[in-house]
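Engineer: Residue numbers (the numbering used here): 89 to 548.
Cβ atoms here follow ideal geometry from the backbone N, Cα and C, with glycine treated the same way.
Since this is a predicted model, take the numbers as computed values, not measurements.
I have a structure I would like to understand better, so I am pasting it below and will then ask my questions one at a time.
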């Protein structure tokens, strides 16, 4: 274990400077300044330490990204070696470099065979920005330039940049304004909240058929693509009914609409498959990737294209009027290579599928099956969600579920575990290298946090 972090500045000093210079993501900055943020100073394995020496089990892999946990020397060594050899060069000016070439060779060896090309970015948000332009360019190239409209889902999340926010369906984000046109939405497949008297299978098909209805409303000749996360991430780790994705794929194929999977959270082993669409058994035309590509050690994302799209762009597309300064950055590519090799060669994805993933899913269901506050447990592999319910028999949700979930998250920090609240759901996604003992700790500390909330509402 690394030596303890040496405190060089008082926490309150860091907090004051942070308040003076930063606007934080998805928080009321004035309220945060009054409270003071945690100052995280060190990470190792699944654990983080703050500036005051408190230790936390990171049950969220940072932001769903540290697949290998913290402190991996092979990843930091790969970055250092690449910096020594070629710290930076671009993919403009008719040039390339070995790191990005070798990354793509490795990436496509792990992907199903109907994918062939990638456009690298710095994040998932950028990958989805590139997606819109690339999909529209594809339809121009094949002689259908009127196919411009993208369809997403309400409560879906595809990033925080302008076009990615428009693709997503989080209305409170839309309130900031400036969204791009030619984007439509259908409902999310959230059976627990919206299923009513329908069975999950019936509800899944009904939600999928909304896509067909929307395509017919807009005109199939105008719809370019449908984008969705295989399971919703920031929207609450919502897993759709099994009937959903087969029907979605049928509709997209029938109306010649590109099926675009946002794998930014689900990719690179999270569900026990290399990519979440494999877990659900459908075949997208594009994949948006990021996060687990480098285990979060350096920023990198990308858009993966099927052979159908790539061949048209290469053979008939002429100049592709797009580029990013850091696309295929050599240091990011070198770290991604080390990361993917570790996931593959150490059998980590297989371990999630065969051992630790089933173990987490089983113990969550055992611990919370009869809990008075939890109406449902969802998940697969090392990703899961706990649904708060006021009345489990009728699936009635608390009117103040957001407040209760936020309080549960706060209790989690106090107990030494980092879990996330979204709507009325507590979500977790620990590093893929988690041991059974660490998963036991994650579940037990989460149970204590949930019990504390139950005590608040008189449900112990």
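1. Applying the criterion that 16 or more other CB atoms from any shown protein chain within 10 Å of the CB defines a buried residue, is residue 220 buried or exposed?
2. Can you find at least 3 beta carbon pairs, one from the region 366-380 and one from the region 205-213, that sit closer than 8 Å?
3. On the CB-based measure, 16 or more other CB atoms within 10 Å of its CB, does residue 217 come out buried or exposed?
4. Going by DSSP in three states, residue 245 sits in which element: helix, strand or coil?
5. Three or more beta-carbon pairs under 8 Å between the region 125-139 and the region 96-111, yes or no?
6. Check whether the Cβ atoms of residue 463 and residue 154 sit closer than 7 Å, and answer yes or no.
7. With residue 465 as the anchor, note down where its beta strand (DSSP E) starts and where it stops.
8. Taking 8 Å as the threshold, find out whether the region 318-326 comes into contact with the region 231-251 through three or more Cβ pairs.
9. Report all residues from its chain with a CB closer than 6 Å to the CB of residue 179; omit the five preceding and five following residues, and keep chain order.
10. Report the residue from 483, 187, 440, 173 whose alpha carbon sits nearest the alpha carbon of residue 523.
11. Within this structure, are the beta carbons of residue 506 and residue 146 separated by less than 7 Å?
12. Start and end of the beta strand (DSSP E) containing residue 134?
13. If the criterion is Cβ atoms closer than 7 Å, does the pair residue 169 and residue 423 meet it?
14. Please state whether DSSP places residue 530 in a helix, a strand or coil.
15. Report the rounded CA-to-CA distance for residue 492 versus residue 224, giving the unit in angstroms.
16. First and last residue of the beta strand (DSSP E) that includes residue 509?
17. Could you check whether residue 332 and residue 553 sit closer than 7 Å to each other, using their CB atoms as the reference points?
18. Using 8 Å as the Cβ pair cut-off and three pairs as the minimum, do the region 358-372 and the region 440-450 touch?
19. What number of angstroms, rounded off, separates the C-alpha of residue 185 from the C-alpha of residue 177?
20. Whose CA, out of 496, 482, 194, 273, lies closest to the CA of residue 540?
21. Taking the straight line between their C-alpha atoms, what separation do you get for residue 97 and residue 131?
22. Considering only their Cβ atoms, is the gap separating residue 517 from residue 149 smaller than 7 Å?
23. Taking only the alpha-carbon atoms, compute the straight-line gap between residue 345 and residue 338 and give it to the nearest angstrom.
24. Does residue 417 come out as helix, strand or coil in the three-state DSSP assignment?
25. Excluding five sequence neighbours on each side, which residues of the same chain lie with their C-beta closer than 6 Å to the C-beta of residue 121?
26. Can you tell which of 171, 235, 532 has its C-alpha closest to the C-alpha of residue 419?
27. On a Cα-Cα basis, can you pick out the residue from 115, 355, 485, 128 that is closest to residue 471?
Structural biologist: The short version:
1. Taking the first residue of the chain shown as 1, we reach residue 220 at position 132. Residue 220 should be labelled buried.
2. Yes, they touch.
3. Start at 1 with the first residue of the chain shown, and residue 217 comes out as number 129. Classification for residue 217: buried.
4. Reading the chain shown from its first residue, position 157 is the one you call residue 245. Residue 245 falls in the coil class under three-state DSSP.
5. At 8 Å Cβ cutoff, the stretches touch.
6. On the chain shown, residue 463 is found 375 positions in, with the first residue counted as 1. On the chain shown, residue 154 is found 66 positions in, with the first residue counted as 1. Not a contact, by the Cβ cut-off of 7 Å.
7. Position 377 of the chain shown holds residue 465. Start and end: 462-468.
8. Flag = yes, the region 318-326 and the region 231-251 touch.
9. On the chain shown, residue 179 is found 91 positions in, with the first residue counted as 1. The answer, listed in chain order, is 415, 416.
10. By one-based count along the chain shown, residue 523 stands at place 435. Among 483, 187, 440, 173, the Cα nearest to that of residue 523 belongs to 440.
11. To locate residue 506, count along the chain shown from 1; it is residue 418. To locate residue 146, count along the chain shown from 1; it is residue 58. Cβ distance < 7 Å, so residue 506 and residue 146 count as in contact.
12. Locating residue 134 in the chain shown gives position 46, counting from the first residue. Segment: none, residue 134 is in no beta strand (DSSP E) and carries neither H nor E.
13. Residue mapping note: residue 169 aligns to position 81 of the chain shown, counting from 1. Residue mapping note: residue 423 aligns to position 335 of the chain shown, counting from 1. Taking 7 Å as the Cβ cut-off, residue 169 and residue 423 do not qualify as a contacting pair.
14. Translated into positions along the chain shown, residue 530 becomes position 442. If DSSP states are grouped into helix, strand and coil, residue 530 belongs with the helices.
15. To locate residue 492, count along the chain shown from 1; it is residue 404. To locate residue 224, count along the chain shown from 1; it is residue 136. Straight-line Cα distance between these residues: approximately 42 Å.
16. To locate residue 509, count along the chain shown from 1; it is residue 421. Unbroken beta strand (DSSP E) run through residue 509: 508-510.
17. A query on residue 553 cannot be resolved here, the shown segment of the chain reaching from 89 to 548 and no further.
18. The answer is yes - the region 440-450 touches the region 358-372, with three or more Cβ pairs under 8 Å.
19. Here residue 185 refers to the residue found at position 97 of the chain shown. Here residue 177 refers to the residue found at position 89 of the chain shown. Spanning the alpha carbons of residue 185 and residue 177 requires a straight line of approximately 8 Å.
20. For the purposes of this step, residue 540 is identified with residue 452 of the chain shown, where counting begins at 1. Taking only the C-alpha atoms, the option nearest residue 540 is 496.
21. Residue mapping note: residue 97 aligns to position 9 of the chain shown, counting from 1. Residue mapping note: residue 131 aligns to position 43 of the chain shown, counting from 1. As the crow flies, the alpha-carbon of residue 97 is around 18 Å from that of residue 131.
22. Counting from one through the chain shown, the residue named residue 149 turns up at place 61. Counting from one through the chain shown, the residue named residue 517 turns up at place 429. Result yes, Cβ atoms of residue 149 and residue 517 sit closer than 7 Å.
23. As a position in the chain shown, residue 345 is number 257, starting the count at 1. As a position in the chain shown, residue 338 is number 250, starting the count at 1. When rounded, the distance between both Cα atoms is 10 Å.
24. As a first step, residue 417 must be located in the chain shown, where it is residue number 329. For residue 417, the secondary structure class from DSSP, reduced to helix, strand or coil, is coil.
25. Within the chain shown, the letter at position 33 stands for residue 121. Excluding residues within five positions, the ones whose Cβ falls inside 6 Å are 107.
26. As a position in the chain shown, residue 419 is number 331, starting the count at 1. When 171, 235, 532 are compared, the shortest CA-CA separation from residue 419 is found for 171.
27. Reading the chain shown from its first residue, position 383 is the one you call residue 471. For residue 471, the closest C-alpha among the options 115, 355, 485, 128 is that of 355.
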